[in-house]
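K.L.:
The following block contains the structure, expressed as structure tokens.
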Amino acid sequence: MAFSKGVGLYQRGLTIGIDIGGTKVAAGVVTPAGRVLARLRTETPDRSKSPKVVEDTIAGVVEELRRDHPVNAVGVGAAGFVDEQRATVLFAPHLAWRNEPLRDALRDRLGLPVVVENDANASAWAEVCVGAGRDAADVVVVNLGTGIGGAVVVDGMLHRGRHGLVGEFGHMTIVPGGHRCECGNRGCWEQYASGNAVTRDARELAAADSPVARRLIQAVDGDPAQITGPLVSGLAREGDRASIELLEDAGTWLGIGLANLAAAFDPELFIIGGGVSEAGDLLLGPARTAFRRNLTGRGYRPEARVVPAALGNEAGLIGAADLARDTLPRWRQGRRQTRLNRPSTRRGARGFRRRLAP
């Protein structure tokens with residue numbers, strides 16, 4: 001869409017962000033300040049469906065949202081491996097995407113600039129721009145869900161690695177020879193600190209008919225298969241000792257993994273997101289303790305803060321929308337100039353957004 005005198009700076013900065021997961025497609029029109037003006041949510045097509053069926057779904061939500069908003073670009077956050085050009089989904093575990101040229105397919109269909117990004121990178125970008133990391137330039141984001149994903153921001157820039165695959169933290173080996181992971185290896189971090197790990201341990205405790213699991217067993221009418229992570233978190237908040245200890249165990253493993261990441265990346269801030277993080281200090285308290293205990297050089301080095309994410313379920317679409325803004329030449333030029341003029345590239349980028357934000 002061409003800019004005209006009748007379109008203000010506010011409208012020129014509007015983009016659509018899309019967050020594609022295994023069960024849902026969430027989309028929104030987002031301002032430069034990170035405010036979501038309009039939202040749509042629909043189910044993700046069955047993973048057995050062709051890539052075109054998923055593209056049809058994406059195109060449909062974009063067309064509906066742009067009907068009432070003069071958007072200029074589209075950002076897509078996809079759960080999977082995205083190449084370094086932010087164009088091709090190399091592999092998506094929950095969808096039928098294998099080396100799928102998603103950017104070009106959507107760009108040709110929509111007539112808009114399109115960026116495709118890993119969903120964890122998109123969420124992390126939102127948090128460092130307008131969320132929990134807005135005052136930090138070197139950040140590691142860890143998302144705790146069914147597995148563990150994440151992203152790395154260095155001096156205000158997303159660090160993707162040579163092949164665009166940075167952030168697969170969940171598959172670091174924490175316990176050699178430990179629990180078998182779906183990736184085929186043993187002892188992966190997500191087998192100990194993810195939502196699936198909490199659920200597995202709770203079900204095993206209940207199945208053993210342990211007296212300490214009485215509340216858990218009662219809550220599911222004696223059927224351990226009905227135990228979920230949110231149930232454990234809820235009972236822990238009510239004071240159930242077994243549930244508290246399950247979260248403490250997961251938090252301890254989380255802290256051990258964070259100490260490893262600190263040794264590798266030396267961030268100033270860890271942001272913990274995802275559904276499991278909603279347990280709050282029941283999880284993050286033990287995580288901070290284990291992090292300090294296992295931190296290399298503890299007592300002789302600055303210690304990164306560990307904080308919960310701020311943007312919740314909308315982080316992915318907010319971040320994808322903002323990354324799409326870099327396809328706009330005027331926006332890109334302004335960001336480049338502020339990066340040249342300021343010591344922190346991310347703070348410079350945010351400063352530019354503030355000048356254009358409504």
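For reference, each letter of the sequence shown is one residue, going 1 to 358 in UniProt numbering. Cβ coordinates follow ideal geometry from the N, Cα and C atoms, glycine included. Small disclaimer: the values here were computed from a predicted structure and weren't measured.
Nearest by alpha-carbon distance to Arg-134: which of Glu-268, Gly-164, Tyr-300 and Arg-200 is it?
P.N.:
Residue numbering aside, residue 134 sits at position 134 when the sequence shown is read from its first letter. For Arg-134, the nearest C-alpha among the options comes from Glu-268.
K.L.:
Quick one: grab the DSSP three-state call for Pro-308.
P.N.:
Position 308 of the sequence shown holds residue 308. DSSP places Pro-308 in strand when its eight states are reduced to three.
K.L.:
My assumption, with CB atoms under 8 Å, is that Ser-123 sits in contact with Gly-273. Please give the rounded CB distance.
P.N.:
The sequence position of residue 123 within the sequence shown is 123, counting from 1. The sequence position of residue 273 within the sequence shown is 273, counting from 1. Correct: roughly 6 Å between the Cβ atoms.
K.L.:
Here's a check: name, in chain order, each residue in its chain whose Cβ is nearer than 7 Å to the Cβ of Pro-224, leaving out the five neighbours to either side.
P.N.:
Taking the first residue of the sequence shown as position 1, residue 224 is located at position 224. Counting only Cβ-Cβ distances below 7 Å, and skipping sequence neighbours, we find Arg-203, Ala-206 and Ala-207.
K.L.:
Thinking just about the alpha-carbon of each residue, which of Asp-119, Ala-26 and Leu-282 is nearest to the one in Leu-158?
P.N.:
Your numbering for residue 158 matches position 158 in the sequence shown. Checked all of Asp-119, Ala-26 and Leu-282; the closest Cα to Leu-158 is Asp-119.
K.L.:
Helix, strand or coil for Thr-289, going by three-state DSSP, please let me know.
P.N.:
Counting from 1 along the sequence shown, the entry for residue 289 is found at position 289. Thr-289 falls in the helix class under three-state DSSP.
K.L.:
Between the C-alpha atoms of Ile-20 and Leu-37, what's the straight-line distance to the nearest angstrom?
P.N.:
Counting from one through the sequence shown, the residue named residue 20 turns up at place 20. Counting from one through the sequence shown, the residue named residue 37 turns up at place 37. So the alpha carbons of these two residues sit roughly 19 Å apart.
K.L.:
Give me, in chain order, the residues of the same chain whose beta-carbon lies closer than 8 Å to that of Thr-199; leave out the 5 immediate sequence neighbours on both sides.
P.N.:
If you number the sequence shown from 1, residue 199 lands on position 199. Here the set comprises Ile-227, Thr-228, Gly-229 and Val-232.
K.L.:
Within the region 235 to 276, note down every full beta strand (DSSP E) run reaching 3 residues or more, in order along the chain.
P.N.:
269 to 273
K.L.:
Under 8 Å by Cβ, that's how I've got Ala-193 and Ile-148 pegged, so tell me the actual separation to the nearest angstrom.
P.N.:
For the purposes of this step, residue 193 is identified with residue 193 of the sequence shown, where counting begins at 1. For the purposes of this step, residue 148 is identified with residue 148 of the sequence shown, where counting begins at 1. Yes, they are in contact, since the Cβ atoms of Ala-193 and Ile-148 sit about 6 Å apart, within 8 Å.
K.L.:
Verify whether the separation of the beta carbon atoms of Glu-182 and Ala-310 is less than 8 Å.
P.N.:
Translated into positions along the sequence shown, residue 182 becomes position 182. Translated into positions along the sequence shown, residue 310 becomes position 310. No, the pair does not count as a contact, with Cβ atoms beyond the cut-off.
K.L.:
Where does Ala-92 land, buried or exposed, given buried means 16+ other C-beta within 10 angstroms?
P.N.:
As a working note, residue 92 is residue 92 in the sequence shown. Counting Cβ neighbours within 10 Å, Ala-92 comes out buried, since at least 16 surround it.
K.L.:
Quick one: any contact between the region 134 to 143 and the region 272 to 289, if contact means 3 or more CB pairs under 8 Å?
P.N.:
yes
K.L.:
Mind checking whether Val-306 and Phe-265 have CB atoms under 8 Å apart?
P.N.:
If you number the sequence shown from 1, residue 306 lands on position 306. If you number the sequence shown from 1, residue 265 lands on position 265. No; because the gap between Cβ atoms is not below 8 Å, this pair is not in contact.
K.L.:
Residues in the same chain with beta-carbon distance under 6 Å from Gly-75, minus the five sequence neighbours each way, listed in chain order, please.
P.N.:
Residue mapping note: residue 75 aligns to position 75 of the sequence shown, counting from 1. Same-chain partners within the cutoff: Gly-17, Val-115, Ala-320, Ala-321, Leu-323 and Ala-324.
K.L.:
Does the count of Cβ pairs from the region 289 to 300 and the region 159 to 170 closer than 8 Å reach three?
P.N.:
The region 289 to 300 vs the region 159 to 170: no contact.
K.L.:
Under 7 Å: does the beta carbon of Arg-186 sit that close to some heavy atom of the ligand ZN?
P.N.:
Judged by which ligands are present, the structure shown has none, so any question about the ligand ZN falls away.
K.L.:
Please classify Gly-312: is it buried, with 16 or more other beta-carbons within 10 angstroms of its beta-carbon, or exposed?
P.N.:
As a working mapping, residue 312 is identified with position 312 in the sequence shown. Exposed, because fewer than 16 other Cβ atoms sit within 10 Å of the Cβ of Gly-312.
K.L.:
Helix, strand or coil for Thr-199, going by three-state DSSP, please let me know.
P.N.:
Taking the sequence shown and counting its residues from 1, the one referred to as residue 199 is at position 199. Note: Thr-199 maps to helix in three-state DSSP.
K.L.:
Keeping to the same chain, check which residues put their C-beta closer than 7 Å to that of Gly-150; ignore five residues upstream and five downstream.
P.N.:
Here residue 150 refers to the residue found at position 150 when the sequence shown is read from its first residue. Within the same chain, Gly-150 has close Cβ partners Ala-120, Val-140, Val-141, Val-142, Asn-143, Gly-167 and Phe-169.
K.L.:
So, do the region 211 to 221 and the region 171 to 186 have three or more beta carbon pairs nearer to each other than 8 Å?
P.N.:
The region 211 to 221 makes no contact with the region 171 to 186: fewer than 3 CB pairs, one atom from each, lie closer than 8 Å.
K.L.:
Thr-42: which of Glu-238, Gly-60, Ser-50 and Leu-102 sits nearest, CA to CA?
P.N.:
As a first step, residue 42 is located in the sequence shown; it is residue number 42 there, counting from the start. It is Gly-60.
K.L.:
Using the Cβ count rule (16 or more neighbours within 10 Å means buried), how would you classify Gly-177?
P.N.:
For the purposes of this step, residue 177 is taken as residue 177 along the sequence shown, with counting starting at 1. Exposed: under 16 other Cβ atoms inside 10 Å.
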